[in-house]
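**Q** Quick note, the sequence shown lines up with residues 29 to 154 if you use this note's numbering.
The beta-carbon is built from N, C-alpha and C at its ideal position, and this holds for glycine as well.
Here the structure is a predicted model, which is why all the values come from computation and not from measurement.
Got a structure for you, written out below as structure tokens; questions coming shortly.
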Amino acid sequence: MKLYPLFIALFFPIFSCTTAPADIPEDTPPTKIIQRAQEAMDTNKYPLAVEYYQILQERYGDIGEYYCTAEYEISFIRYKQKRYAEARRGFENLLALYSEERGQYLPPRFKVLAEKVLLRIDEKER
Numbered sequence: 029m030k031l032y033p034l035f036i037a038l039f040f041p042i043f044s045c046t047t048a049p050a051d052i053p054e055d056t057p058p059t060k061i062i063q064r065a066q067e068a069m070d071t072n073k074y075p076l077a078v079e080y081y082q083i084l085q086e087r088y089g090d091i092g093e094y095y096c097t098a099e100y101e102i103s104f105i106r107y108k109q110k111r112y113a114e115a116r117r118g119f120e121n122l123l124a125l126y127s128e129e130r131g132q133y134l135p136p137r138f139k140v141l142a143e144k145v146l147l148r149i150d151e152k153e154r
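See the structure below:
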């Protein structure tokens, strides 16, 4: 029984600090934010990953590649969570960007990936 307080004292700080992205300094490069989001996804911490991608959009959303990365990944997380209506909206919003004039300057991989996942959503909703 006396080990229980020691366990809490040693491990609670570790677990309590691993979930909040609020500690990302303003000057954190976008690649680092993406890396943290991917690490959260790898451990199925989807809400945390979404928060990282939202930070990416807020800070670097004016750069097409980062905006598309965040929009695609957030939509893909919704897909993995079986929240198909939300995923569909996100993928359709992303694809709408490609039909605009600036769409020719966006990375084509997100368009291809979004179209593929939308087909999967269609299959699941039949």
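Starting from the C-beta of residue 151, find all residues in its chain whose C-beta is less than 8 Å away, skip the five residues before and the five after it, and write them out in chain order.
**A** Indexing the sequence shown from 1 puts residue 151 at position 123. Excluding sequence neighbours, residue 151 sits near nothing in its chain.
**Q** Going by DSSP in three states, residue 123 sits in which element: helix, strand or coil?
**A** Here residue 123 refers to the residue found at position 95 of the sequence shown. Helix at residue 123.
**Q** Under three-state DSSP, which class holds residue 231?
**A** Within the shown structure, residues of the chain are numbered from 29 to 154, placing residue 231 beyond reach of any answer.
**Q** Is the separation between the beta-carbon of residue 67 and that of residue 81 shorter than 7 Å?
**A** Residue numbering aside, residue 67 sits at position 39 when the sequence shown is read from its first letter. Residue numbering aside, residue 81 sits at position 53 when the sequence shown is read from its first letter. Result no, Cβ atoms of residue 67 and residue 81 do not sit closer than 7 Å.
**Q** Hey, could you find the ends of the alpha helix (DSSP H) residue 83 is sitting in?
**A** Residue 83 sits at position 55 when you count from the first residue of the sequence shown. First-last of the alpha helix (DSSP H) with residue 83: 74-88.
**Q** Taking the C-alpha atoms as reference points, what is the distance between residue 54 and residue 60?
**A** By 1-based counting over the sequence shown, the position of residue 54 is 26. By 1-based counting over the sequence shown, the position of residue 60 is 32. Near 12 Å, if we compare the C-alpha coordinates of residue 60 and residue 54.
**Q** Could you name the residues of the same chain whose beta carbon sits closer than 7 Å to that of residue 93, not counting the 5 residues immediately before and after it, in chain order?
**A** Along the sequence shown, one-based indexing puts residue 93 at 65. Once the five neighbours on either side are set aside, the close Cβ partners of residue 93 are 135.
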